[in-house]
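Chains as they are written, first to last, in the working numbering: chain A, 154 to 323; chain B, -13 to 465.
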Amino acid sequence: MAMLSQRQVLRFLVPRFATCVSRTTISTIPRNLTRIHSLTHSRKRFCSSVCRDQKETVMVYFIQEDGSKLPGKARVGDNLLDVVVENDLDIDGFGACEGTLACSTCHLIFKKKDYDNLPEAPTDEELDMLDLAYGLTEESRLGCQVIVTKDMEGLEVRVPQGIADAREPS
Amino acid sequence: MIRVLRLICACPCHFGKRSRLLSQQSAALPGNPKICVVGSGPAGFYTAQQLLKGNSLVEVDIYEKLPVPFGLVRFGVAPDHPEVKNVINTFTQTANNERCRFLGNVKVGEDISIQELKEAYSTVVLAYGVDADRVLGIPGEDSQNVLSARRFVGWYNGLPKDSDLEVDLDTDNVVVLGHGNVALDVARVLLTPIDSLAKTDISQHALEVLSRSKVKRVTLVGRRGPLQVAFTIKELREMTKLPGCLSVLHKHNFHGLDTVSQGLPRPRKRLTDLMYKTCMAPTGSGPRQWELQFLLSPTEFISDTNNRVSAVKFAQNRLEGSDLETQRAVRTEETKEISCGLVLRSIGYRSIQIDDMLPFDTDRGVVPCDSTSRVVDSPGVYCSGWVGRGPTGVILTTMSDGFETGKVILRDLEEGVLRQDNIGGVDVIRKKLETKGVQVVTFTDWNKINKIEMSRGKSVGKPREKMVNIQDMLKAASS
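As structure tokens, this is what we get:
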């Protein structure tokens, strides 16, 4: 334990993207101890950020519905939800369940070739949540489940908004 | 290391000291647009989030009839789905915004009228959701142990008004009427091993009753077929993985559906495929089981000599219509009876009319609004979430709806459609509430309740032990 920095200890206890941690300084004290508690009780820990190479980064770009392009500095080993949170990218409602596979608000659409190059195929559980996403495509993934790799430099992913689809016929 | 630990342990105090929380007590600033939101569930908080972000002057006051915030995230989301409750972190951030106030324990329509809110604010946003059930209107519906699934959910989630619901689990068989996610939630809670439930924030009174449960079989009955179920695949998959529980799906319901499903949209296809797969190669085993029954409409509840339900009578249906997903159920002459000692009715929710001056669609059970969330014939009044759209969809649906309502209001503010001068905002309302002796619960007060609930939970190995009595909440809030 003595080998770990304070920051690393906090990272272990609190997911990088947890909103109880300030987005600008990771070493900020968690505002609410429940986060730590609920983390230990969650059935599966989806956060991937514990063991990663902190040195290597690549740039990825989030293209919004209006065409604007949000750049994000992404650490190799983080997931794409981490990237949005760490870079404080302003995407409404992104990552509502904080990467626990309980919503589909971090829905991202990849280009076909990028999608095919992703190292891991989506699990059933990820596909289950994606099925509830607006504007679902065959190249859709949940950002919280896609791990940044070295060869993602310059990656562009689309952030579907799909508000118009929000109202179900009634 | 010591330093690190101290930093972590200091966290709740740090939270309590946040100076901007003091704004809960502050007076409204003259000249700023003031908006009130009625209801502090996801619809209310997501609308507030959008409003605060989109206009740097707007002030948002969120009124809640209970002393505690978060609506169905606290009282609806199943206790074994803690991940879904992570949205509370975002709601808390919104509530901590210096231009946002939470006013709990204020019953709009009772303590304060919609007219009074309309006079005090630029805009009134209705986000109070649904608070009543659809009923079947068939003989025997008032038999003992024929319960609304909505109230059953309220009971295990510690909703004050449902905490004294009489639930008798001294029976082998339970019938759940409905094929939605609420139906699967109540079935799952009834069939989950008690040790697992004991680690959730399920209310203690419910845990005690469930620990004495004799329930072995839960049958979920729908009036239509497998292609029309309303539950989603995540909840279905959970059912197929319940420990000690066999999935019972009948082959005659699924014959040929593997071929039919190929032409369906992906979500419906995957859902149908999972049911098909589970039917052909049943998963799980054990003393308990859950079963799906299709094409049955309840016609009568039969009760024993103690007026307790003992069976449900159904009419067999067939499906009509060319579009597979929207086929209608049509009754046939055939009937069927299923014995059971408990019925949970989960056939949809309705909203209620909290104030006579609001229009209300009694057929659909919603406040009528147009496609842009404006309530009909009520300038300055908007709907967000289930109160206007009806009770469908997941949290994402309500989030999009809340954001969209927020954007419409922001646009109307910009275009000068909404009045912004001569409005008293929260000060006027506070005075009126004071005269009536209403104890307003602020977000700072909620933090006190929250802290007590979490420490009570900690002592019994749960993330939280909810207070279920309003007087207890008010006492904690004023401590």
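All C-beta atoms, glycine included, are put in the ideal place defined by N, C-alpha and C.
Nearest neighbour of Phe280/B, chosen from Val234/B, Val246/B and Gly272/B [CA to CA]:
Within the second sequence, the letter at position 294 stands for residue 280/B. Check the Cα spacing between Phe280/B and each of Val234/B, Val246/B and Gly272/B: the tightest is with Val234/B.
Burial state of Gly27/B, where buried means 16 or more other Cβ atoms lie within 10 Å
The residue given as residue 27/B occupies position 41 in the second sequence. Under this definition Gly27/B is a buried residue.
Report the three-state DSSP secondary structure of Leu133/B (helix, strand or coil).
Taking the second sequence and counting its residues from 1, the one referred to as residue 133/B is at position 147. Of the three classes helix, strand and coil, the one that applies to Leu133/B here is strand, per DSSP.
Thr264/B: beta carbon under 6 Å from a heavy atom of the ligand GTP?
You won't find the ligand GTP in this model; it holds no ligand whatsoever.
Evaluate Lys303/A with the Cβ neighbour count: other Cβ atoms within 10 Å of its Cβ, from every protein chain shown; 16 or more gives buried, anything less gives exposed.
Walking along the first sequence from the start, residue 303/A turns up at place 150. Residue environment analysis places Lys303/A among the exposed positions, since fewer than 16 neighbouring C-beta atoms fall within 10 angstroms of its C-beta.
Would you call the stretch 255 to 268 of chain B in contact with the stretch 293 to 313 of chain B, where contact means no fewer than 3 C-beta pairs closer than 8 Å?
The stretch 255 to 268 of chain B, when compared against the stretch 293 to 313 of chain B, does not touch it at the 8 Å Cβ threshold.
Are at least three pairs of beta-carbons, each pair with one atom in the stretch 179 to 192 of chain B and one in the stretch 447 to 456 of chain B, less than 8 Å apart?
Counting Cβ pairs under 8 Å, three or more are found: they touch.
Using the DSSP secondary-structure output, state which residues sit across from Met212/A in a beta bridge.
The sequence position of residue 212/A within the first sequence is 59, counting from 1. In DSSP, Met212/A forms a bridge with Lys226/A.
Can you check whether the C-beta of Leu223/A is within less than 7 Å of a C-beta belonging to chain B?
Your numbering for residue 223/A matches position 70 in the first sequence. Not one chain B Cβ lies under 7 Å of Leu223/A.
How would you call Lys417/B, buried or exposed, if buried means at least 16 neighbouring beta carbons within 10 angstroms?
As a working note, residue 417/B is residue 431 in the second sequence. It counts as exposed.
Candidates Lys147/B, Ile340/B and Phe217/B, of which the one nearest Ile100/B by Cα:
Residue numbering aside, residue 100/B sits at position 114 when the second sequence is read from its first letter. For the set Lys147/B, Ile340/B and Phe217/B, the Cα lying nearest the Cα of Ile100/B is the one of Ile340/B.
In angstroms with no decimal places, state the Cα-to-Cα distance between Tyr335/B and Asp349/B.
Residue 335/B sits at position 349 when you count from the first residue of the second sequence. Residue 349/B sits at position 363 when you count from the first residue of the second sequence. Rounded to the nearest angstrom, the two C-alpha atoms are 12 Å apart.
Taking the C-alpha atoms as reference points, what is the distance between Glu273/A and Gly242/B?
Your numbering for residue 273/A matches position 120 in the first sequence. Your numbering for residue 242/B matches position 256 in the second sequence. Answer to the nearest angstrom: the Cα atoms are 33 Å apart.
Given Gly296/A as reference, the closest of Asp269/A, Glu251/A and Lys265/A once Cα atoms are compared
Start at 1 with the first residue of the first sequence, and residue 296/A comes out as number 143. Residue nearest to Gly296/A within the set Asp269/A, Glu251/A and Lys265/A is Glu251/A (criterion: CA-CA distance).
Same chain, Cβ closer than 6 Å to Val70/B, neighbours up to 5 away in sequence not counted
Looking up residue 70/B in the second sequence gives position 84. So the qualifying residues of the chain are Val63.
With DSSP collapsed to three states, give me the class of His194/A.
Numbered from 1 along the first sequence, position 41 holds the residue referred to as residue 194/A. At His194/A, the pLDDT of 39 sits below 50, so the modelled position is not reliable and the matter cannot be decided from this model.
For Thr253/A, return the contacting residues in chain B, with the cut-off set at a CB-CB distance below 7 Å.
Mapped onto the first sequence, residue 253/A falls at position 100. Residues of chain B with a Cβ closer than 7 Å to the Cβ of Thr253/A are, in chain order, Glu69 and Asn72.
Extent of the continuous beta strand (DSSP E) to which Cys86/B belongs:
By one-based count along the second sequence, residue 86/B stands at place 100. Its beta strand (DSSP E) spans residues Cys86 to Leu89.
One or two residues paired with Lys299/B in a DSSP bridge
As a working note, residue 299/B is residue 313 in the second sequence. Glu286/B and Glu323/B, per the DSSP bridge assignment.
Using the C-alpha atoms, what's the distance from Leu280/A back to Val380/B?
For the purposes of this step, residue 380/B is taken as residue 394 along the second sequence, with counting starting at 1. For the purposes of this step, residue 280/A is taken as residue 127 along the first sequence, with counting starting at 1. Cα-Cα distance, rounded: 16 Å.
Pick from Arg254/B, Arg174/B and Ala267/B that is closest to Thr312/B, judged by C-alpha positions:
In the second sequence, counting from the first residue as 1, residue 312/B sits at position 326. Comparing alpha-carbon positions, the option among Arg254/B, Arg174/B and Ala267/B lying closest to Thr312/B turns out to be Arg254/B.
The beta strand (DSSP E) enclosing Cys265/B, as first and last residue numbers
Numbered from its first residue, the second sequence carries residue 265/B at position 279. Run containing Cys265/B: none in the beta strand (DSSP E); it sits in the alpha helix (DSSP H), Arg252 to Met266.
Proximal chain B residues relative to Cys297/A, where beta-carbon distance stays under 7 Å
Position 144 of the first sequence, counted from the first residue, corresponds to residue 297/A. Near Cys297/A there are no residues of chain B at all, since even the closest Cβ is about 11 Å away, more than 7 Å.
Using 7 Å as the limit for Cβ to Cβ distance, is Leu233/A near chain B?
Here residue 233/A is taken as the residue at index 80 of the first sequence, counted from 1. For Leu233/A, the answer is no, since every Cβ of chain B falls outside 7 Å of its Cβ.
Check whether chain A comes within 7 Å of Gly447/B, counting only Cβ atoms and requiring the distance to be less than that.
To locate residue 447/B, count along the second sequence from 1; it is residue 461. No, no contact with chain A.
Residue span of the beta strand (DSSP E) that contains Ser182/B, given as start and end
For this step, residue 182/B is matched to residue 196 along the second sequence. For Ser182/B, no beta strand (DSSP E) encloses it; the enclosing alpha helix (DSSP H) starts and ends at Ile180 to Leu183.
7 Å Cβ cutoff met for Leu330/B and Ala135/B
By one-based count along the second sequence, residue 330/B stands at place 344. By one-based count along the second sequence, residue 135/B stands at place 149. Yes. Within cutoff.
Spatial neighbours of Leu278/B within its chain, please: C-beta separation below 6 Å, excluding the five flanking residues on both sides.
If you number the second sequence from 1, residue 278/B lands on position 292. These residues qualify, in order along the chain: Leu206 and Leu235.
Excluding five sequence neighbours on each side, which residues of the same chain lie with their C-beta closer than 7 Å to the C-beta of Lys93/B?
As a position in the second sequence, residue 93/B is number 107, starting the count at 1. Here the set comprises Lys51.
In angstroms, rounded to a whole number, what distance separates the CA positions of Thr33/B and Pro273/B?
As a first step, residue 33/B must be located in the second sequence, where it is residue number 47. As a first step, residue 273/B must be located in the second sequence, where it is residue number 287. Straight-line Cα distance between these residues: approximately 46 Å.
Under the three-state reduction of DSSP, which class applies to Lys20/B: helix, strand or coil?
Translated into positions along the second sequence, residue 20/B becomes position 34. In the three-state reduction of the DSSP assignment, Lys20/B falls in the strand class.
With 16 other CB atoms within 10 Å as the buried threshold, where does Pro251/B fall?
The residue labelled residue 251/B in the question sits at position 265 within the second sequence. Around the CB of Pro251/B, fewer than 16 other CB atoms lie within 10 Å, so the residue is classed as exposed.
Looking only at C-alpha atoms, which of Ser129/B, Ile98/B and Met343/B sits nearest to Ser289/B?
Numbered from 1 along the second sequence, position 303 holds the residue referred to as residue 289/B. Residue Ser129/B is the option with its Cα nearest to Ser289/B.
Supposed contact pair Gln275/B and Cys231/B - C-beta distance, whole angstroms, cut 8 Å
Residue mapping note: residue 231/B aligns to position 245 of the second sequence, counting from 1. Residue mapping note: residue 275/B aligns to position 289 of the second sequence, counting from 1. Confirmed, about 6 Å.
Name the chain A residues that come within less than 9 Å of Val380/B, Cβ to Cβ?
In the second sequence, the residue the question calls residue 380/B occupies position 394. Around Val380/B, the beta-carbon contacts reaching into chain A at under 9 Å are Cys256, Ser257 and Leu285.
Tell me which residues share the same chain as Ile219/B and place their Cβ nearer than 8 Å to its Cβ, disregarding the 5 neighbours each side in the sequence.
Mapped onto the second sequence, residue 219/B falls at position 233. Closer than 8 Å at the Cβ level, and outside the excluded window around Ile219/B, lie Pro253, Arg256, Leu257 and Leu260.
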